[in-house]
């Protein structure tokens with residue numbers, strides 16, 4: 231396994247992101263998100279989404295295969311000023327626990343290093359993802375939202391506050 235992290239650029243990488251989006255949702259959200267909603271997803275829809283969202287996407291590649299991706303940006307609204315956001319990070323199940331998610335997150339954080347804080351939104355019932363974010367220093371800030379993904383699910387916001395020393399490096 232020789233993982234590289236890079237900006238998404240080629241058609242193969244865009245299609246690979248679509249594949250990871252579709253497959254990782256099926257793997258990570260089974261038992262968390264309504265099965266009918268997961269069943270309504272398709273690889274084609276996820277590829278169409280990938281072609282619509284081309285900017286600020288990093289892919290993790292093992293050889294020629296995209297095995298994960300992360301999306302980053304300035305926080306989505308004015309509620310949190312001076313905050314960046316990692317709005318998506320997904321890795322194929324066979325790469326879980328191998329450091330790929332950590333590599334993607336570190337690269338995404340580097341891309342938004344001008345922000346002293348970074349937010350993520352995570353499903354409250356996704357204990358595995360919450361542990362991942364906590365290991366990286368993210369902490370819940372008490373904000374929650376309910377989404378309807380076939381059935382209601384609750385997301386919670388977690389924030390990483392970077393130290394001044396971190397911002398200098």
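Numbering (our numbering), first residue to last: 231 to 399.
Glycine included, C-beta positions come from ideal geometry on N, C-alpha and C.
Measure the Cβ-Cβ separation of residue i and residue j and say whether it is below 7 Å.
i: residue 341; j: residue 317; result: no
i: residue 248; j: residue 294; result: no
i: residue 329; j: residue 321; result: no
i: residue 379; j: residue 263; result: yes
i: residue 268; j: residue 256; result: yes
i: residue 235; j: residue 292; result: no
Does residue i pass the burial test, meaning 16 or more other C-beta atoms within 10 Å, or should it be called exposed?
i: residue 339; result: buried
i: residue 284; result: exposed
i: residue 288; result: buried
i: residue 327; result: exposed
i: residue 246; result: buried
i: residue 357; result: exposed
Would you please state the rounded distance, in angstroms, between the beta carbons of residue i and residue j? I believe it to be under 8 Å.
i: residue 391; j: residue 347; result: 5 Å
i: residue 385; j: residue 375; result: 5 Å
i: residue 333; j: residue 290; result: 6 Å
If you draw a straight line from the C-alpha of residue i to the C-alpha of residue j, how long is it?
i: residue 261; j: residue 313; result: 32 Å
i: residue 377; j: residue 388; result: 17 Å
i: residue 239; j: residue 296; result: 12 Å
i: residue 393; j: residue 345; result: 11 Å
i: residue 352; j: residue 382; result: 14 Å
i: residue 367; j: residue 243; result: 30 Å
i: residue 270; j: residue 282; result: 19 Å
i: residue 397; j: residue 273; result: The pLDDT assigned to residue 397 is 45, lower than 50, so where the model puts this residue is not dependable; a value taken from the coordinates is nonetheless given after this. Looking at the two C-alpha atoms, the distance is approximately 39 Å.
i: residue 355; j: residue 372; result: 15 Å
i: residue 309; j: residue 361; result: 25 Å
i: residue 395; j: residue 369; result: Reliability of the predicted coordinates at residue 395 is poor, the pLDDT of 45 falling under 50, and the value obtained from them is presented with this limitation in mind. Distance between the alpha carbons of residue 395 and residue 369 is about 19 Å.
Any Cβ of chain D within less than 7 Å of the Cβ of residue i?
i: residue 300; result: Within the model displayed, chain D is absent; a lone protein chain is all it includes.
From this set, the options, which residue's C-alpha is nearest residue i's C-alpha?
i: residue 335; options: 319, 232 and 349; result: 319
i: residue 311; options: 265, 349, 281 and 328; result: 349
i: residue 252; options: 299, 369 and 306; result: 299
i: residue 323; options: 266, 259 and 237; result: 259
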